[in-house]
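Asks: My questions all concern the structure below.
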Amino acid sequence: MSNWLAAQPKLTAKSKSGYILFSAEIRKRIMHENPDSGFGEVSKIVGIEWKKLSDDQKRQYEVRAEYIASERAKQEAARAATEKCLQPGQIRIYMCKWINCDSQFDSENGLYEHIVQHHTSQIIMDSEQQYVCMWVTCVRNRKEGKPFPSLPRLHRHMKEKHIGTSVKSVYANQIGKNFFKLTTQSTPGGETVSANFLC
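In terms of the UniProt record's numbering, the sequence shown has 89 at position 89, counting the first letter as 1, and numbering is strictly consecutive.
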């Protein structure tokens, strides 16, 4: 079942329309038949081909798209559940994927503090790349390369998009040499201070 699903177009709950499935299946053929056509021209031909389908054929694509999206959601939920369950001897680590960084942390807070102290605090004010997310898997940066309007917006983006997905279950012998533990200490004035320490 997973091999079949892997071969299907990448439909998710947000993009489960029959037209998207049809487009994914027919686009390669149309591109092969029209090698000199650009993306827009190919998309136009796909739209024309879609309009030629009967209502019943369109409905079949809708049903298939719904099924693929629901199976993919089930598979993703099962994968997420197994990642949450630690095997004996495993620990959770949070990996920094900022460009050229391989630091690992024992908590989300440790990773977030690292990002704020070591990456976003290094941003040069009034530079062209002022508030750009440099997370290697960031789709926003890859597609648009647009900076955020402010540092708090970049930090919110990091929390919402990257920190939660940076978790990985590993065995102790798989921990990298740049693994840090977040420790909290009280100052003589009673304040709580957090710091990351290399293990």
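We treat Cβ as the ideally placed atom computed from N, Cα and C, and that holds for glycine.
Can you tell me whether M31 is helix, strand or coil according to DSSP?
Replies: DSSP places M31 in helix when its eight states are reduced to three.
Asks: Can the beta-carbon of M95 be found closer than 7 angstroms to that of K143?
Replies: no
Asks: Quick check: the region 17-24 against the region 46-58, are at least 3 beta-carbon pairs closer than 8 angstroms?
Replies: With the rule of 3 Cβ pairs closer than 8 angstroms, the region 46-58 counts as touching the region 17-24.
Asks: Among the residues of its own chain, which have a CB less than 7 angstroms from the CB of T137, if the five just before and after it don't count?
Replies: Excluding positions up to five away in sequence, the list reads K97.
Asks: Three Cβ pairs or more, each shorter than 8 angstroms: is that satisfied between the region 147-155 and the region 60-69?
Replies: Cβ pair count under 8 angstroms is below three, so no.
Asks: Can you tell me the Cα-Cα spacing of M134 and A172, whole angstroms?
Replies: 28 angstroms
Asks: Could you tell me the boundaries of the beta strand (DSSP E) in which Y171 lies?
Replies: Y171 -> beta strand (DSSP E) spans 167-171.
Asks: Pick helix, strand or coil for F39, following the three-state DSSP scheme.
Replies: helix
Asks: Taking Q174 as the reference, give the member of Y61, Y131, G89 with the closest Cα.
Replies: G89
Asks: Within 10 Å of its beta-carbon, does D106 have 16 or more other beta-carbons around it, so buried, or fewer, so exposed?
Replies: Buried is the call here.
Asks: Assign F180 to one of two classes, buried (16 or more other C-beta atoms within 10 Å of its C-beta) or exposed (fewer than that).
Replies: F180 is buried by the Cβ-count criterion.
Asks: Classify G18: buried if its beta carbon has 16 or more other beta carbons within 10 angstroms, exposed otherwise.
Replies: buried
Asks: Just how far apart, CA to CA, sit A80 and K146?
Replies: 30 angstroms
Asks: Taking the C-alpha atoms as reference points, what is the distance between K58 and H162?
Replies: Distance between the alpha carbons of K58 and H162 is about 37 angstroms.
Asks: Taking buried to mean at least 16 other C-beta atoms within 10 Å of its own C-beta, is T183 buried or exposed?
Replies: exposed
Asks: I93: which of H119, R72, V170 sits nearest, CA to CA?
Replies: V170
Asks: For H119, count the other beta carbons within 10 Å of its own beta carbon; 16 or more makes it buried, fewer makes it exposed. Which is it?
Replies: buried
Asks: Would you kindly report the start and end of the unbroken alpha helix (DSSP H) that includes Y131?
Replies: Run containing Y131: none; DSSP gives neither H nor E here.
Asks: In chain order, what residues of the same chain have a beta carbon less than 6 angstroms from the beta carbon of C199, not counting five sequence neighbours either side?
Replies: With a pLDDT of 42 at C199, under the threshold of 50, the modelled position of that residue is not reliable, and the figure given next carries that caveat. Hits under 6 angstroms: F179, K181.
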